[in-house]
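Protein chains: 2
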Amino acid sequence: MNIKDIAKLAQVGVSTVSRVLNNHPDVKESTRQKILELIKESNYIPNNSARILKQQNTKNIGVLVKGVFNPFFSQMINVIGNIINENGYTMILHQNDYKNDQEVETLIAFIKEKKLQGIICLGGNFADITDDCFKEINVPIVLTSVNTVSKQGKEYYSSVGIDNVKSSYDATSYLIEKGHKKIALILGEADDIGVSILRMQGYREALEKSKIKIDDELIIVGGYSSRGAYNETLELLKIRKDITAFFALSDIMAIGAAKAILDSGLKVPEDISIIGFDGMDESEYYNPSITTVKQPDKLMATMSINLLISQINERKENQHILLETNLIERDSCFNLLK
Amino acid sequence: MNIKDIAKLAQVGVSTVSRVLNNHPDVKESTRQKILELIKESNYIPNNSARILKQQNTKNIGVLVKGVFNPFFSQMINVIGNIINENGYTMILHQNDYKNDQEVETLIAFIKEKKLQGIICLGGNFADITDDCFKEINVPIVLTSVNTVSKQGKEYYSSVGIDNVKSSYDATSYLIEKGHKKIALILGEADDIGVSILRMQGYREALEKSKIKIDDELIIVGGYSSRGAYNETLELLKIRKDITAFFALSDIMAIGAAKAILDSGLKVPEDISIIGFDGMDESEYYNPSITTVKQPDKLMATMSINLLISQINERKENQHILLETNLIERDSCFNLLK
């Protein structure tokens, strides 16, 4: 779809479409509306004329974030926002409200509507990426902390993230090495097919390697909140007295789970061990301090925005970067073998 | 300063300035630069012609936040962002980097640069507000959770906040009623002349009312972070063995202080009581649960953005709204009198 196609569909000349795109006043209002409607409906992004490019040069960089409540992303937004400002761009922050089958659609609409020069997506699944969906999107895209399960269209976007399978495998193995067999897993969301599914895979692989039977009743969903994890952990502990460890896929869920364990009259770590994920202050200052998988959040944020800005300045081949995580040992894991 | 003054200074006609403002192509580049420079230098905001107004109608709403790291503000940004989107506006988020004497300047520059239709400031002091500083700013301003110490220029902006003096007075009195006399106070920042100074005033008034001598050594600064509060509390506990309670002016600082108390070999609340401020999940799920002053964060966010949007649609007299806080009693305060 190009400017000529739009003109043909609207039954006007190319110059009229151009005037609308340039926000020129001398176009009939009904014609303007019709053309804008057609542009919106189509996948057309005006970028094939120097004049339009100039008009397009909004200096807007989009940050599409899944769940700004998550303090993990808040810190990353802080880093990204500072670098955006330092480079003379404007950050447009938009929250994604979690519809897995519309994530690509939301992203494309956001780029068009705000005339973005580039976009970073923090979190989300983007399982609906196809080989073609970003073909007509002529601005750089960086998916950060996303780890989509889709293998398609990788040449049209960059990504920065961690190896979720390995990180989770390592954390689970750490518990197994301390003699734990009944290890509960707290997922973010049931339909979180990106990060959660990969981390669940790491958990399963670690158990399988040690010939520990996987027990689906031990896999619960905490909704990425302390409250959700608290409630689910409390319920699980009522029916299952054999659990000796919890692995929560975020620190804020680990805190909720820890509180539920304590409120059930059990001790952390003497009765039940716990591991979190992310490496937030909340787990460090908890009583007891919670062992966690530390993500390189600041590095991830810095690399994402620097990669995006370099792509805006000079389009190069897209990159897919995996960063290392670290298991930070604190006071929440008990060794059953000693 | 109006469009004619700009034209005169630039030694061009009014229509040339108008063309620059409308981003019209047929202006010599050097002339365009000169005019943009003059507009930038002056306090001129183009809004006195219908055409310019239309061009100006960016649908951008600014959110200027002091310290996006603060999870308290993150949650409010979430609420504000959703309402901005629902109303068809775009949220431009900008972080304020804490220079107290330049806050008004930063705010005005932000409004002009991003052609904002309105702005919400989350946090900050804005002690440099004068009677005149917002006179030429023709867009609505809402200061939220700011409580500036400046009494000037109140007719040019709205505000939504809490009664910091009373909230802090009540929390301190609560500790005094439980028999505490040696109550340490953890401020956000030493030069935080807005919120911290008002809460410190409430703390002092409560002590004075009960004829408890104010001991400046017990007032420390936690930098609004768990780590800062942890370090300062640890140091204070080394030199002062008589403290029986801490009042931290944010929950994330309360958590850091609690951990420092525990790491000093003392118990919460049996040896030392603690009260936080904000009402975050982090204090609720802490071990033990931390008593806190709950701010109506969601209500504050909703009222701020609704007030701003109604002011954008129809300018009315500015309002200054104070909301109630609640002391939420949990498990971190010990009654010394029982």
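Respectively, the protein sequence lines represent chains A and B.
The first sequence runs contiguously to residue 544 in the numbering used here.
The second sequence runs contiguously to residue 544 in the numbering used here.
We treat Cβ as the ideally placed atom computed from N, Cα and C, and that holds for glycine.
Establish whether the CB of residue i and some CB of chain B are separated by less than 8 Å.
i, result
"residue 493 of chain A", "yes"
"residue 287 of chain A", "yes"
"residue 394 of chain A", "no"
"residue 284 of chain A", "yes"
"residue 277 of chain A", "yes"
"residue 436 of chain A", "yes"
Any beta-carbon of chain A closer than 8 Å to the one on residue i?
i, result
"residue 296 of chain B", "yes"
"residue 433 of chain B", "yes"
"residue 330 of chain B", "no"
"residue 515 of chain B", "no"
"residue 465 of chain B", "yes"
"residue 462 of chain B", "yes"
"residue 468 of chain B", "yes"
"residue 320 of chain B", "yes"
"residue 256 of chain B", "The predicted model places residue 256 of chain B with a pLDDT of 37, which falls under 50 and marks its position as unreliable; any figure quoted below should be read in that light. For residue 256 of chain B, the answer is no, since every Cβ of chain A falls outside 8 Å of its Cβ."
"residue 301 of chain B", "yes"
"residue 224 of chain B", "no"
"residue 307 of chain B", "no"
"residue 280 of chain B", "yes"
"residue 488 of chain B", "yes"
Please report the distance separating the alpha-carbon of residue i from that of residue j.
i, j, result
"residue 297 of chain B", "residue 390 of chain B", "40 Å"
"residue 432 of chain B", "residue 265 of chain A", "36 Å"
"residue 372 of chain B", "residue 380 of chain B", "12 Å"
"residue 261 of chain B", "residue 351 of chain B", "Only weak support is given to the placement of residue 261 of chain B: the predicted model assigns it a pLDDT of 40, under 50, and the question is left unresolved by the model."
"residue 538 of chain B", "residue 544 of chain A", "34 Å"
"residue 459 of chain B", "residue 209 of chain A", "57 Å"
"residue 362 of chain B", "residue 312 of chain B", "17 Å"
"residue 558 of chain A", "residue 496 of chain A", "Only positions 207 to 544 of chain A appear in this structure, which leaves residue 558 of chain A out of reach."
"residue 224 of chain A", "residue 508 of chain A", "38 Å"
"residue 289 of chain A", "residue 421 of chain A", "45 Å"
"residue 211 of chain B", "residue 323 of chain B", "23 Å"
"residue 277 of chain A", "residue 434 of chain A", "16 Å"
"residue 406 of chain B", "residue 540 of chain B", "22 Å"
"residue 478 of chain B", "residue 292 of chain A", "45 Å"
"residue 219 of chain B", "residue 284 of chain B", "46 Å"
"residue 319 of chain B", "residue 243 of chain B", "12 Å"
"residue 476 of chain B", "residue 542 of chain B", "9 Å"
"residue 517 of chain B", "residue 530 of chain B", "23 Å"
"residue 286 of chain B", "residue 302 of chain A", "14 Å"
"residue 446 of chain A", "residue 392 of chain A", "15 Å"
Among the candidates the options, whose CA atom is the shortest distance from the CA of residue i?
i, options, result
"residue 498 of chain B", "B:289, B:376, B:520 and B:476", "B:376"
"residue 368 of chain A", "A:505, A:221 and A:542", "A:505"
"residue 317 of chain B", "B:338, B:344, B:291 and B:336", "B:344"
"residue 490 of chain B", "A:524, A:469, A:286 and A:410", "A:469"
"residue 394 of chain B", "B:357, B:456, B:475 and B:310", "B:456"
"residue 309 of chain B", "B:283, B:339, B:406 and B:365", "B:339"
"residue 335 of chain B", "B:323, B:349 and B:428", "B:349"
"residue 526 of chain B", "B:477, B:412 and B:365", "B:365"
"residue 342 of chain A", "A:322, A:314 and A:357", "A:314"
"residue 425 of chain A", "A:416, A:403 and A:524", "A:403"
"residue 214 of chain A", "A:392, A:234, A:472 and A:245", "A:245"
"residue 195 of chain A", "A:358, A:484 and A:473", "Residue 195 of chain A falls outside the range modelled here, since chain A spans only 207 to 544, and no answer is possible."
"residue 401 of chain A", "A:413, A:282 and A:430", "A:430"
"residue 282 of chain B", "B:516, B:519, B:523 and B:511", "B:511"
"residue 411 of chain B", "B:397, B:444, B:374 and B:427", "B:374"
"residue 524 of chain B", "B:307, B:267 and B:347", "B:347"
"residue 428 of chain B", "B:418, B:482 and B:227", "B:482"
"residue 474 of chain B", "A:471, A:492 and A:454", "A:492"
With contact counted as at least three CB pairs below 8 Å, one residue from each stretch, are the region 328–336 of chain B and the region 271–285 of chain B in contact?
-> Flag = yes, the region 328–336 of chain B and the region 271–285 of chain B touch.
Please determine if the region 370–389 of chain A and the region 446–462 of chain A are in contact, where contact requires at least 3 C-beta pairs separated by less than 8 Å.
-> Judged by Cβ distances under 8 Å, the region 370–389 of chain A makes contact with the region 446–462 of chain A, as three or more pairs qualify.
Three-pair Cβ contact test at 8 Å for the region 461–472 of chain A versus the region 425–439 of chain A | Yes, since at least three Cβ pairs between the region 461–472 of chain A and the region 425–439 of chain A fall closer than 8 Å, the two stretches touch.
Decide if the region 231–245 of chain B is in contact with the region 526–535 of chain A; the criterion is three or more beta carbon pairs, one per stretch, under 8 Å apart.
-> Output reads no: the region 526–535 of chain A does not touch the region 231–245 of chain B.
Quick one: which unbroken alpha helix (DSSP H) runs of 4-plus residues sit fully inside the region 405–447 of chain A? Chain order, please.
-> Taken in chain order, the complete alpha helix (DSSP H) segments of 4 or more residues contained in the region 405–447 of chain A are 432–445.
Jot down the residue ranges of each uninterrupted beta strand (DSSP E) in the region 303–344 of chain A, minimum 3 residues, whole runs only, in chain order.
-> Residue ranges of uninterrupted beta strand (DSSP E) with 3 or more members, entirely inside the region 303–344 of chain A and ordered along the chain, are 324–328.
For the region 499–529 of chain A, which segments carrying the beta strand (DSSP E) assignment without a break, of at least 3 residues, lie completely within its bounds, in sequence order?
-> Segments of the beta strand (DSSP E) lying fully in the region 499–529 of chain A: 526–529.
Within the region 352–391 of chain B, ranges of the beta strand (DSSP E) (whole runs, at least 3 residues) | Secondary structure within the region 352–391 of chain B: the beta strand (DSSP E) runs of 3 or more consecutive residues, fully enclosed, are 364–368 (chain order).
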